[in-house]
Amino acid sequence: MKYSSEQIGEIIKKERRKRGWSQAKLGEKIGLSDKQISKYEKGLSKPTPSVETLFKLCEIFDCELGYLLGEKGYSCGTKINTDIVATTGLSLEAIHSIQELTGVIESVFFRSYETNKIRFIINNFFTSNSFFELFECLLHLDTCIKNYENVFFPIIDSFGEEKFTEVLNLYTSSIDYEHNPDASQLTDEQIQIWNMINLAIDKRYDIAHTIKPAKYEVYETFRELIAEMYPFQLL
């Protein structure tokens, strides 16, 4: 397989920036100068970093060599993480959270003796009958909120953000452009946007009334899930 020093350099730069490190700090960690790190990142170093340097980078970036070399199947740092992301459709951040919870990777939040208990809880949570019901309710809530947030998007798509913002500022100002004869006259296009904003605000008002019951459905379904997981009756 042919490897590209430019591609390797881009990966090194991405991982360094992800951690908020300067080139000097990364160089300090692996025993190189910031100038050498700069050469690596720009793909100017021929040949590519030595195997010893690549191994050091793998250790501090917590990844496998295939990732640094830009090989297929390593896009998430390691082969196993890449396969899990592809299989589950979850983000790498979500997978790391689950791995921390289950003790696969070390966590500062959970002690090792809690691992088996946490795994038991997670398995019961995902396999409970109410789990899919809960997510149906969450999907409905998410749709309601997205509809509320995106109500102005059709206007922006039609006229552009600049014209939309201009008319929205007029709409929300203290001047009554609709009824005050002394107010400056709006153009035909501004009137059209104004009317669309009116309709969008009415639609937002209607959508807002769907969010509260959607939240309540999530709350009730979660209660059912907990009751299913822990069918405890007080004597």
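Here the numbering used here runs 38 ahead of the position in the sequence shown, where the first position is 1.
A virtual CB, placed ideally from N, CA and C, is assigned to each residue, including glycine.
Values in this document were obtained by computation on a predicted structure and should not be read as measured data.
Query	Result
Let me confirm a value: V89 is counted as buried when at least 16 other C-beta atoms fall within 10 Å, else exposed. Which label applies?	exposed
Nearest-angstrom Cα distance between L263 and E138?	23 angstroms
Excluding five sequence neighbours on each side, which residues of the same chain lie with their C-beta closer than 7 angstroms to the C-beta of T153?	T140 and G141
What is the rounded straight-line gap between the Cα of K73 and the Cα of G115?	25 angstroms
Assuming C182 is part of the alpha helix (DSSP H), what are its boundary residues?	F169 to E187
Any idea if T126 is buried or exposed, counting beta-carbon neighbours within 10 angstroms, 16 or more meaning buried?	exposed
For the alpha helix (DSSP H) that R54 lies in, which residues bound it at each end?	S43 to K56
Whole angstroms are fine: how far does the CA of L224 sit from the CA of E174?	45 angstroms
Straight-line CA distance for N185 to Y257?	21 angstroms
Do you know whose CA, among W232, L128 and I160, lies nearest S211's CA?	W232
Quick check: the segment 159 to 179 against the segment 236 to 247, are at least 3 beta-carbon pairs closer than 8 angstroms?	no
Taking C-beta to C-beta, are I50 and E79 nearer than 8 angstroms?	yes
Would you mind reading off the limits of the alpha helix (DSSP H) that contains W232?	D226 to M267
Beta carbon of G104, beta carbon of I46: below 8 angstroms?	no
What first and last residue would you give for the alpha helix (DSSP H) that runs through Q74?	D72 to K80
Please work out which residues of its chain come closer than 6 angstroms, Cβ to Cβ, to S76, disregarding the five sequence neighbours upstream and downstream, and give them in chain order.	Q61
Please state if the CB of C96 and the CB of L106 are separated by a distance shorter than 8 angstroms.	yes
Please give me, in chain order, every unbroken run of the alpha helix (DSSP H) with length at least 4 that falls completely inside the segment 100 to 174.	103 to 106, 117 to 126, 130 to 140 and 153 to 165
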